[in-house]
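Heads up: the sequence lines are chains A and B, in that order.
Position 308 of the first sequence, counting from 1, maps to 308 under the working numbering, and the rest follow consecutively.
Each number in the working numbering comes from the position in the second sequence (counting from 1) with 1000 added on.
Cβ coordinates follow ideal geometry from the N, Cα and C atoms, glycine included.
All values derive from a computational prediction rather than experimental measurement.
2 protein chains.
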Amino acid sequence: MNKEYYAILQKNEESDESTMLQNKIWNQNTIKNGNKTLVLETIMNHSPISRASIADKTGLNKGTVSSQVSELLDEDLIYEQGPGKSSGGRKPVILLFNEVAGYSIGIDIGVNYIFGILTDLKGNICQEKSLTFNKLSFDEIKEKLFEIVDCLITSAPSSTYGIVGIGIGVPGATNKNGKVLLAPNLGWQNIDLKTIVENRYDCPVIIENEANAGAYGEKKFGTGVDDIIYVSIGVGIGVGLILNGDLYQGNDGFSGEMGHMTIQADGKTCRCGNDGCWELYASEQALINKADQFGLEMADENDILQEMVGMAEDGDQEAINLFKTIGDYMGVGLINIINSFNPQQVIIGNRITAAKKWVEQPLLEKVNKNALWFQQNHLEINFSELSGYTTALGVAAFSTENFFKIYKER
Amino acid sequence: MNKEYYAILQKNEESDESTMLQNKIWNQNTIKNGNKTLVLETIMNHSPISRASIADKTGLNKGTVSSQVSELLDEDLIYEQGPGKSSGGRKPVILLFNEVAGYSIGIDIGVNYIFGILTDLKGNICQEKSLTFNKLSFDEIKEKLFEIVDCLITSAPSSTYGIVGIGIGVPGATNKNGKVLLAPNLGWQNIDLKTIVENRYDCPVIIENEANAGAYGEKKFGTGVDDIIYVSIGVGIGVGLILNGDLYQGNDGFSGEMGHMTIQADGKTCRCGNDGCWELYASEQALINKADQFGLEMADENDILQEMVGMAEDGDQEAINLFKTIGDYMGVGLINIINSFNPQQVIIGNRITAAKKWVEQPLLEKVNKNALWFQQNHLEINFSELSGYTTALGVAAFSTENFFKIYKER
DNA sequence: CTTTGTTTGTCCAGTGGATGAACAAAGAAT
DNA sequence: ATTCTTTGTTCATCCACTGGACAAACAAAG
């Protein structure tokens, strides 16, 4: 099987040499766009705010701010709310970010569901739509996907910029060109999803791994710190890395495959060919492997977690102990992550959050006891609070960000 | 012992809140400095080069290039070599980077040695000086350090900018303010090395962890790819991370403590308190722990590696097998690193390179067999070829870079 | 109600840097 | 010897920011 994958991925070599990046030169345009972006960001982050306060906060000249604000008003990215409270002089004119100047679509494709949201430019959810399925082919899933996107597009209010982008998160490895190289749990291999979707809809499309999207979502809508590790634990384990404030994707886009990190060198062999992989001990796989001990040998793999949570809720001590063991092993992998990255925040997301009640304590105890002391100084370990929305919000935010990036570089 | 460390590090909390970064505004000065730097970098990377070629390559206007070149000549950062070969018209004037306009000092402080180099602005080594010692106090080491720096400064030819900076690499955890928080093998705790050195010499001082410095050295003087993991294996294991072309230091500067990554969850307990740490199996510690089996129980810890290498050289099968086992375990940790970071290059450095002959094959086999296939597509695994110079070159390059950074922001 | 001082936002001449075109110098090709 | 190329400088022009002047709007004090 591995050889097969290798062949698929080899085929996928694309000559990236063409991207010989032109050294960026600096001219009046650079400075104008830079300052315009600065003004826009100041308004986004500090509204309600007046022209005078922007000048004060950024250090820009009042005249400069005035002219940039005037252009932003023309472009409908901001609007004037009216006079604010005076502080002893002329009343300021309050400026606000016009978050409904455009809309973004975020799609989370799971193993047995598709979940889509429509957000405004600030990330507020305006509409959501989901459906579940079971073992569909790619073409069938594609139809479902189109159905959801169509529905979300239709529901979007009319706006200056319309749908600024579609972001799609998938449970698998994606490359920088928007191809899904491998999504084992969906049975996808080497699918050029970006092109397929872009051909149907007339807007930029971004394809991203589910854990990376989740990490970005947590960065955008969480506490906003700069070094965040998002650990997505479901049937497998994927990790999204926000380092120095940016998503780190790796040389080919395959970073964060920490489910296949060895934590038990002489342990059982994983389907990936390695021994003692973390996800054998700390993901749903650990539950699935013990399913028969709980009389669940006939259940669908996708249901076992829920069944076990039910049993634990009912006080089944064996189920609770199994969760405790899993929490302990989760801790082992998290220690590796913490010692490697010295992050400010580790966020655990995806389906395992359903078992938070039983895994959290053992996990925290393990980390607390065994991670290097100085790593724990400014460290937070949380379970995701965006619940099922993390991935969809993340990819939607990706698309919005991309829209502004294009705007900035114009 | 851990509690003790904790206290030390707790005390070290400094209010970083003051660093409320003023949003950077864009004005004519930004654009001028930006273009000037662009011209300088083009000359550094593509010399010999003429004004016309610079304009061509960068996209800048010929007039702009001319005026920037004129300033750079005034500042002595470049010089005119004379006329070059004509390609059918007027002969170009060849410009070259003036690498001897200043000098940088790089110091590598090891467990039982200090090694210092003097480099020009391009990183060419002009002078080196080293000495070894055994179990000295900090104050004694400090004196030795000053002695070496004094000697290097004296040996520097006179130049426009003189000594542009001193970089020091230490085997321990450093924070962003140049304090050595913890260097267990030197017995140092919470030492403000940067201030101490800066008070004696009138130039910027940079303190960096030895593995981070090594990573930077490999980036600067190696193939120059963007995602490099430098694995420094000596008595412990430290890792330096170059991600997206920049050093990643972590939230507090403690990234890369992968020596304490669990690879055997039920393994032996490490001095750090965790179980099954990588460095117990894949560093000199694995040798030291078996020293008595080879009749080396009386040897100094620092000499055991060399002794064992000698035995292996002489064909001692048991020693060779031990190295093979270590190579195999090195592979286990490298797999974790590769699956986590999807790097382009992994470089193994520090003392273990002495055993390359025996550890390399087992290591490569292990990685080849057990790392995810698609991670191996564009992956290189090398042993450092800068040998003992890696760390010193890295910190010297840090200092040079810092000089140019200050120059740019001026 | 009037006066005074403050705050907000606009306007405009001035400054600094990039640009394009013209130009001179120097050399190759025919 | 003539023509075409290439290189590097000069200069008028353009463009964005800056600082200061200014008017409008307002609060507070008398």
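Using alpha carbons as the reference points, say which of B/Ala1299, B/Glu1301, B/Ser1086 and B/Gly1169 lies closest to B/Gly1238. B/Gly1169
Fully enclosed by the region 1308 to 1364 of chain B, which alpha helix (DSSP H) runs are 4 residues long or longer? 1317 to 1341
Can you find a C-beta in chain A that's less than 9 Å from the C-beta of B/Val1239? yes
Does DSSP put B/Tyr1281 in a helix, in a strand, or in coil? helix
Please say whether A/Leu243 and A/Asp266 have beta carbons closer to each other than 9 Å? no
Need the endpoints of the alpha helix (DSSP H) that A/Tyr216 sits in, please. Glu210 to Phe221
Check whether chain A comes within 9 Å of B/Phe1254, counting only Cβ atoms and requiring the distance to be less than that. yes
Using 8 Å as the cut-off, classify the Cβ of B/Trp1188 as near or not near the heavy atoms of the ligand ZN, replying yes or no. Judged by which ligands are present, the structure shown has none, so any question about the ligand ZN falls away.
Option nearest B/Asp1150 by Cα separation, candidates B/Glu1301, B/Lys1129 and B/Asn1402: B/Lys1129
Do A/Glu301 and A/Val235 have their beta-carbon atoms positioned less than 9 Å apart in this structure? yes
Between the beta-carbon of A/Asn212 and the beta-carbon of A/Leu186, is there less than 9 Å? No.
At least 3 beta-carbon pairs within less than 8 Å: the region 112 to 125 of chain A vs the region 85 to 92 of chain A: no
Give the DSSP-derived three-state secondary structure of A/Lys179 in the structure shown. coil
I want to verify the contact list: residues of chain A whose CB lies under 7 Å from the CB of B/Leu1372, in sequence order. Glu257, His260 and Cys272
Whether B/Leu1280 touches B/Asn1289 by CB criterion (9 Å): Against a cut-off of 9 Å, the Cβ pair of B/Asn1289 and B/Leu1280 comes out as a contact.
Going by C-alpha to C-alpha distance, which of A/Asn134, A/Lys219, A/Pro204 and A/Ser104 sits closest to A/Pro343? Ranking A/Asn134, A/Lys219, A/Pro204 and A/Ser104 by Cα distance to A/Pro343 puts A/Lys219 first.
I think A/Asn377 touches B/Asp1252, with their Cβ atoms under 8 Å apart; what is that distance to the nearest whole Å? 6 Å
Pull the bridge partners of A/Ser130 from the DSSP assignment, please. A/Phe115
May I have the straight-line CA-CA distance separating A/Ala312 from A/Asp328, to the nearest angstrom? A/Ala312 and A/Asp328: Cα-Cα distance of roughly 17 Å.
Short CB-CB distance (under 9 Å) between B/Glu1409 and chain A: no
So, does the CB of A/Asp56 fall closer than 9 Å to a CB anywhere in chain B? no
Quick one: what's got a C-beta closer than 7 Å to B/Ile1406's C-beta in the same chain, skipping five residues either side? none
Hey, out of A/Glu380, A/Gly259, A/Asn368 and A/Ile78, whose CA is closest to A/Thr160's CA? That would be A/Ile78, whose Cα lies nearest to the Cα of A/Thr160.
Where does B/Tyr1079 fall in DSSP's three states? strand
For B/Gly1250 and A/Gly245, the rounded distance between their alpha carbons: Taking the straight line from one Cα to the other gives about 11 Å.
A/Glu257 versus A/Cys272: straight-line alpha-carbon distance, rounded: When rounded, the distance between both Cα atoms is 11 Å.
Does the beta-carbon distance from B/Lys1122 to B/Phe1146 come in below 9 Å? no
To which residues of the same chain is A/Ile348 closer than 6 Å at the C-beta, ignoring the five residues directly before and after it? Val231 and Phe383
With a 10 Å radius around its C-beta and 16 neighbouring C-beta atoms as the bar for buried, classify A/Phe133 as buried or exposed. It is exposed - the Cβ of A/Phe133 has fewer than 16 other Cβ atoms within 10 Å.
Exposed or buried, A/Met261, counting other C-beta atoms within 10 Å across all chains shown (16 or more means buried)? A buried status is given to A/Met261, since no fewer than 16 other beta-carbon atoms sit within 10 Å of its beta-carbon.
Are A/Met308 and A/Ala371 closer than 9 Å when you measure CB to CB? no
I need the DSSP call for A/Gln249, collapsed to helix, strand or coil. coil
When the Cα of B/Pro1083 is compared with those of B/Gln1345, B/Gly1214 and B/Ile1049, which residue comes out closest? Per the C-alpha coordinates, the member of B/Gln1345, B/Gly1214 and B/Ile1049 positioned closest to B/Pro1083 is B/Ile1049.
On the CB-based measure, 16 or more other CB atoms within 10 Å of its CB, does B/Pro1157 come out buried or exposed? Answer is exposed; the Cβ neighbour count stays below 16.
Which value, in whole angstroms, describes the spacing of the CA atoms of A/Asp139 and B/Ile1352? Looking at the two C-alpha atoms, the distance is approximately 53 Å.
Round the Cβ separation of B/Leu1287 and B/Ile1304 to the nearest angstrom and send it over; I've been treating them as touching at under 8 Å. 5 Å
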